[in-house]
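**Student:** Chains as they are written, first to last, in this note's numbering: chain A, 1 to 353; chain B, 354 to 730; chain C, 731 to 1064. From the three backbone atoms N, C-alpha and C, an ideal C-beta is built for every residue, glycine too. Below is one structure. I have some questions about it.
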Amino acid sequence: MSNALVTDKRPSTLRAASLPKWTPWAIAAGSLALGIGISAAAGLGSSIQWGLIAAVLFVLGTYGIAARVEGRRQARDRVATSLVWVAFLIAVIPLVSLIWVTVARGAKVLDVYFLTHSMGVVADTEPGGGIYHAIIGSLEQVGLATLIGAPIGVLTAIYLVEYGRGRLAKAVTFFVDVMTGIPSIVAGLFILSLMLIFKMQPFGFAGSLALAILMMPVVVRSTEEMLKLVPNELREASLALGVPKWRTILKVVLPTSIGGITTGVMLAVARIAGETAPVLLLVFGNPFINNNPFEGAQASLPLYIYQQFANSAGSGAAYDRAWAASLTLIAFVMILNLVARGIARWKAPKTGR
Amino acid sequence: MKLQRKNRLRALSLGAVAVSGALALTACGSDDNGNGGKESGNPSASANTASIKCDDAKGQLLADGSSAQKNAIDAWVKAFSQACGVQINYKGGGSGAGVTAFTQGQVAFAGSDSALKPEEVTASKKICDGGQGIDLPMVGGPIAVGYNVPGVDNLVLDAPTLAKIFDSKITKWNDPAIAALNKGVKLPDLKIQAFHRSDESGTTDNFTKYLIATTPDNWKYSGGKAWQAKGGQSAPQSAGVAQQVKQTSGAIGYFELSYVKDGIKAVSIDTGASKPVAPSSESATADIAAAKVIGTGKDLSLQLDYKTKAEGAYPITLVTYEIVCDKGNKSDTLPATKAFLRYIASEDGQKVLPGIGYAPVPAEIIAKVRTTVEGLS
Amino acid sequence: MDISTTTDVPPPASHSKAAEQKRAARGATRPGDRIFLGLSRGSGILLLAIMAAIAVFLTYRAALAISKDHANFLTTFEWNTNVLEPKFGIAVLVFGTIVSSVIAMAIAVPIAVAIALFITHYAPRRMSGPVAYVIDLLAAVPSIVYGLWGALVLVPHMNGLFGWLNDFFGWTGLFSWDEGAPRSMLTVGILLAIMILPIITNVSREVFRQVPRMHEEAALALGATRWEVVRMSVLPFGRSGVISASMLGLGRALGETMAVATVLSPSFDIQASLLNPGGGTFAQNIASKFSEANEFGRDALIASGLVLFVITLLVNGAARLIIARRAEYSGANA
């Protein structure tokens, strides 16, 4: 605190001394230079090496300088701030790289031809072909799965939050937890064994069923959380007016939480849109266009990516197609995400924050 | 209330847009990219299709199995679809997946790198009404041993050294055993990174069969689709192994010949013949010519000659089969199956193979295959 | 739509208001209520039925496989099902699954919490929105894309890190490296960390946003620095939320298939060093063995899936417990 005394020349202000705004940058530059210098002197080649030394120097330097000028508490605050920034930067590197690589490699073959043609008879090793059949398959399978999974999931969540007392509710809660742990391939096998009992050939809807199984627990969990956020006062006010409970739920509880529920459903959709294993088993995959999900094999985007990678025979054309399909899949998921956020913002109850 | 109604309206219109969008999408796609497509650079595509007999083949045919023969099937499917308009959907999911799907009645035929086992034949009787599953050899090919050693362009190995390398007994590229086979080549002091398949595969099965047959003292494992030796590294699928060999300095691995490119070179095998043999369509054909039929009845499974010392015969080969029912094939898929198999067993069909890194099946064996195909019912 | 017409009739006046409300709360008096309750309870029961069917199916197939196992299912270091005397065991898989998940958690949780704090408390306002959106998006990137990226981009870049770790920490044994391709448990852990980072960040961010403004303002009014605000009011409030977020991430890491299969060099043994290739996880093993497996091999893989199932269940159960405790003392309007 002696520093504070020394610098406190103006009695009219209560503010303690503080470092100028550019200090963190200066310390960063200084420690970076010193780190490289030390590594060069010691003959350490690795870039991780000098990066680490620079980082340690930076933290120590910040702490030391700030502690001298501003005091220990401020110094700790500065260190925490820089650590948070460093964590952010470290995390950004791989995530940006992932997006960059997908876009850069995917954009190579992604064009209208690619989006509107199927693989047809194009061999995996040849250039050309497209993903139209996979997009159709994905849309239909995921759409049907959502039609099955989302209502059941939402209704179950309503049951758990609004009605659920007693043993049945406990059992459902427990099994929803169990269901979140089903490896996707196991869900696929389960449906496959049912199909074999009825001697059915692979078809799109079978995949939808497995995807719906994977989707339901996610929807239940997120809807449950959202319904719990609806204040009890709203329900009580509605019930006090003599509105039946089911109408209270439909007209008061659901509209209040619809934004969150939609977000939850969309995220669940995004998750099942990326599933490979059940589709591989149940829908089979198909290089040709099949618009009918209830008969005959279909393709799907994740399966297409996997097959282009695995059966590529080292052909660059197949890898390009795999990346382009990845880009399409990410774009699809991104659009869903945007829609979900839009709905959430549009419908969200206006709260204090 | 008013606000809500408006919202609902908006949601409805959103839904309508989505549905009509999807409908519009279903209308604009096209399967047609055979010759009208952007590029079709593969010479196999121009195979003569005039001689294909379609009979009353129609509809779509499902098939699954060996990924080793996927490229051959792709080329055949191209020619066959153009001639007959039948869509053949062959998924290269692996021999095991193919055989399982076949014995469950999910596919019309399966591709497999190894012949049916007795218990699989028993299982196939359930779906072959009055018959059983049989193996028809259709495609042969070399298994290349690819490596990535900087500065070494021509590597020669023999069976014992290969076994020792993949069993982690030889760990450096400048090991005396390797140097003895490569006189005059400067071998680097580099660790050997041996890659095998992490998934079960017919390629592993055939590669280890070769090691067991030629050098049982150095390879004391029982063989099979799963890799058994300890040590070494692994990657999924041939594509994964090739990717690793390409990325890793000092790497060696085994895969189909088509992966030998972009920095991966193939090992020539010292078989005891006067010159080491490099893997190629011709050298594999020379070896497969000595194969013998060991299947009984209509089954035509083959015994390959791994110990060959013939000039120019590459010993590490595999033959992949198509598996169908001899009797009791499903009536709706039989015509298409029969027409397709007849085409691939024909001279035109077999002629496609050398151009894409495979080897045709020897003449007398393929003749037997043709008669068997004609007798399918 | 006759439901709505019948229930729009006002309740008979003979009932006292209190009794009416009590009944409405139980939700089974009016036809509309009964139908709605029936529907929602029905979906609950349907879910239970599906689950029960899957459980029965799984246990049956797993029991079939384990009864024919010629080795101890829990301790065997081998997976060989395609032979006359099948031998398979899950020891390696349990080890690999736990090790890779622990590495992933150790890396992802602190960084994710830091990023969540960054978005809610540190970033310039203009920056936090887009950052939050990008992280949201990454949570939804399919794992096959992470797998592709991991195999083609991450693995080649790991050589430097591995060499460095070997130079300085090789003596611990945990970080010694035989210069194989960098496709080991550590790589898997890092890729899994990158995958689950957005998930943990998302949930933690939401939790940090829920911190009552009053708490923070009170701390600021007392002259606390930003870090002190975070430490004293934000982190204690969000702790259980962060824990349940981490459990969610852990659940995903445990069951991840494609991403692990593409970057790990699997083998059925346990490596003392995290840098040497080897080991395996449940989901990866199922994916890589499945395509060539026959009926029996599939059953054996299902048996291992059942174990994964139980592990995931335990993790989820723990998360439930923690969330339940939070609900008890936070006084939130549940």
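1) Could you check where the beta strand (DSSP E) with G606(B) kicks off and where it finishes?
2) So that I know if they touch, is there some Cβ in chain A lying closer than 9 Å to that of S587(B)?
3) Just to confirm my understanding: we take T811(C), look at its own chain, exclude 5 residues before and 5 after, and list those with CB closer than 7 Å. What are they?
4) For the region 558 to 583 of chain B, enumerate the residues whose C-beta is nearer than 7 Å to any C-beta of chain C, in chain order.
5) Does N286(A) come within less than 9 Å of chain B when only Cβ atoms are used?
6) Could you tell me the alpha carbon to alpha carbon distance between A171(A) and T248(A), rounded to whole angstroms?
7) What are the boundary residues of the beta strand (DSSP E) that I676(B) is part of?
8) Pull up the distance between the alpha-carbon of A846(C) and that of G71(A), whole angstroms please.
9) For R644(B) and Q656(B), which I take to be in contact (beta-carbon distance under 8 Å), what is that distance rounded to the nearest angstrom?
10) Please state whether the Cβ-Cβ distance between L32(A) and A870(C) is less than 9 Å.
11) If you follow the beta strand (DSSP E) that R72(A) is part of, which residue opens it and which one closes it?
12) In chain order, what residues of the region 165 to 179 of chain A put their CB closer than 9 Å to some CB of chain C?
13) Where do the ends of the alpha helix (DSSP H) carrying H117(A) lie?
14) G106(A) touches chain B at which residues, Cβ-Cβ below 9 Å?
15) Would a C-beta distance cut-off of 9 Å place A416(B) and I441(B) closer than the cut-off?
16) Does the Cβ of A748(C) have 16 or more other Cβ atoms within 10 Å, making it buried, or fewer, making it exposed?
17) Do you know offhand how far P840(C)'s Cα is from A87(A)'s?
18) Can you determine whether any heavy atom of the ligand MG sits closer than 8 Å to the C-beta of V598(B), and answer yes or no?
19) In the structure shown, what three-state DSSP assignment does Q485(B) receive?
20) Going by C-alpha distance, which of L671(B), Y612(B), K522(B) is nearest N559(B)?
21) Any chance the region 1008 to 1022 of chain C sits against the region 991 to 999 of chain C, with 3 or more Cβ pairs inside 8 Å?
22) Please say whether S208(A) and E275(A) have beta carbons closer to each other than 9 Å?
23) Please list the partners that G445(B) has in chain A, where partner means a Cβ-to-Cβ separation under 9 Å.
24) Does the beta carbon of K199(A) come closer than 9 Å to any beta carbon on chain E?
25) Work out the CA separation of V1045(C) and L515(B) for me, nearest whole Å.
26) In the structure shown, what three-state DSSP assignment does V492(B) receive?
27) Output needed for L1036(C): all residues of its chain with C-beta closer than 6 Å, excluding positions within five of it in sequence on either side, in chain order.
28) Which residues in chain B sit within 7 Å of L196(A), going by Cβ to Cβ distance?
29) Compare the C-beta of L189(A) with all C-beta atoms of chain B and state if any pair is closer than 9 Å.
30) Within 10 angstroms of its Cβ, does H800(C) collect 16 or more other Cβ (buried), or is it exposed?
31) Which residue from G447(B), C481(B), T456(B) puts its Cα closest to that of K680(B)?
32) Going by alpha carbons, who is nearest to A631(B) out of V509(B), I405(B), G603(B), Q596(B)?
33) For V777(B), which residues in the same chain have their Cβ closer than 7 Å to its Cβ, ignoring the five residues on either side in sequence?
34) Are the region 202 to 216 of chain A and the region 251 to 260 of chain A touching by the rule of at least three beta carbon pairs closer than 8 Å?
35) Using the beta-carbon of each residue, which ones in chain A are nearer than 9 Å to G1047(C)?
36) What do you reckon, are the CB atoms on A322(A) and A134(A) nearer than 9 Å?
**Tutor:** With the structure as the only source:
1) Within the second sequence, the letter at position 253 stands for residue 606(B). That run of the beta strand (DSSP E) goes 604 to 609.
2) Along the second sequence, one-based indexing puts residue 587(B) at 234. Chain A contact via Cβ: absent.
3) Taking the third sequence and counting its residues from 1, the one referred to as residue 811(C) is at position 81. Annotation for T811(C): F818, A1023, F1026, G1027, A1030 place their beta carbon closer than 7 Å to its own, counting only its chain and skipping 5 residues before and after.
4) Flagged, chain order: G577, K578, A579, K583.
5) Along the first sequence, read from residue 1 onward, the residue named residue 286(A) stands at position 286. It does; some Cβ of chain B falls within 9 Å.
6) Stepping through the first sequence from its first residue, residue 171(A) is reached at position 171. Stepping through the first sequence from its first residue, residue 248(A) is reached at position 248. If you take the alpha carbons of A171(A) and T248(A), they lie about 26 Å apart.
7) Stepping through the second sequence from its first residue, residue 676(B) is reached at position 323. If you look at I676(B), you'll find it in the beta strand (DSSP E) that goes 670 to 678.
8) Sequence index remark: in the third sequence, residue 846(C) carries index 116 (1-based). Sequence index remark: in the first sequence, residue 71(A) carries index 71 (1-based). Straight-line Cα distance between these residues: approximately 27 Å.
9) Here the question's residue 644(B) lines up with position 291 in the second sequence. Here the question's residue 656(B) lines up with position 303 in the second sequence. Note that residue 644(B) is Ala in the sequence shown here, rather than Arg. Indeed, because the Cβ distance is near 6 Å, the residues count as touching under 8 Å.
10) For this step, residue 32(A) is matched to residue 32 along the first sequence. For this step, residue 870(C) is matched to residue 140 along the third sequence. No.
11) Start at 1 with the first residue of the first sequence, and residue 72(A) comes out as number 72. Element bounds for R72(A): not the beta strand (DSSP E) but the alpha helix (DSSP H), 72 to 106.
12) Against chain C - using a Cβ distance shorter than 9 Å - the residues of the region 165 to 179 of chain A are L168, A169, A171, V172, T173, F174, F175, V176, D177, V178, M179.
13) Position 117 of the first sequence, counted from the start, is the residue given in the question as residue 117(A). Counting along the chain, H117(A) falls outside any alpha helix (DSSP H), and DSSP gives it neither H nor E.
14) Locating residue 106(A) in the first sequence gives position 106, counting from the first residue. The premise fails here: G106(A) is roughly 17 Å from chain B at the closest Cβ pair, so nothing lies under 9 Å.
15) What you label residue 416(B) is simply residue 63 of the second sequence in a count that begins at 1. What you label residue 441(B) is simply residue 88 of the second sequence in a count that begins at 1. Cβ atoms of A416(B) and I441(B): closer than 9 Å.
16) Residue numbering aside, residue 748(C) sits at position 18 when the third sequence is read from its first letter. Summary for A748(C): the model assigns pLDDT 49, below 50, so the residue's position carries little reliability, and this model does not support an answer.
17) Within the third sequence, residue 840(C) is the residue found at index 110, counting from 1. Within the first sequence, residue 87(A) is the residue found at index 87, counting from 1. So the two alpha carbons sit approximately 8 Å from each other.
18) Of the ligands one can find in the structure shown there are none, so the ligand MG has no counterpart to examine.
19) As a first step, residue 485(B) must be located in the second sequence, where it is residue number 132. In this structure, Q485(B) counts as coil in the three-state DSSP scheme.
20) For the purposes of this step, residue 559(B) is taken as residue 206 along the second sequence, with counting starting at 1. The shortest Cα separation from N559(B) among L671(B), Y612(B), K522(B) belongs to L671(B).
21) yes
22) For the purposes of this step, residue 275(A) is identified with residue 275 of the first sequence, where counting begins at 1. For the purposes of this step, residue 208(A) is identified with residue 208 of the first sequence, where counting begins at 1. Judged by their CB atoms, E275(A) and S208(A) are not nearer to each other than the 9 Å cut-off.
23) Against the second sequence, residue 445(B) aligns to sequence position 92. Result: D124, Q307, A310, N311.
24) Of the chains in the structure shown, none is chain E; the protein chains are A, B and C.
25) Sequence index remark: in the second sequence, residue 515(B) carries index 162 (1-based). Sequence index remark: in the third sequence, residue 1045(C) carries index 315 (1-based). Their backbone Cα atoms lie some 46 Å apart in a straight line.
26) Looking up residue 492(B) in the second sequence gives position 139. The answer is strand: DSSP assigns V492(B) an E or B state.
27) Numbered from its first residue, the third sequence carries residue 1036(C) at position 306. Here the set comprises L788, A792.
28) For the purposes of this step, residue 196(A) is taken as residue 196 along the first sequence, with counting starting at 1. Those are Q457, listed as they occur along chain B.
29) Working through the first sequence from its first residue, we reach residue 189(A) at position 189. Judged by the 9 Å Cβ criterion, L189(A) is not in contact with chain B.
30) Residue 800(C) sits at position 70 when you count from the first residue of the third sequence. So H800(C) ends up on the exposed side.
31) As a position in the second sequence, residue 680(B) is number 327, starting the count at 1. Ranking the options by Cα distance to K680(B), first place goes to C481(B).
32) Along the second sequence, one-based indexing puts residue 631(B) at 278. Closest option to A631(B), Cα to Cα, is V509(B).
33) Because residue 777(B) is not part of the residues shown, which for chain B are 354 to 730, the question remains open.
34) no
35) As a position in the third sequence, residue 1047(C) is number 317, starting the count at 1. Proximity of chain A to G1047(C) at the Cβ level (cut-off 9 Å) is accounted for by F174, D177, in chain order.
36) On the first sequence, residue 322(A) is found 322 positions in, with the first residue counted as 1. On the first sequence, residue 134(A) is found 134 positions in, with the first residue counted as 1. No, these two residues do not count as a Cβ contact at 9 Å.
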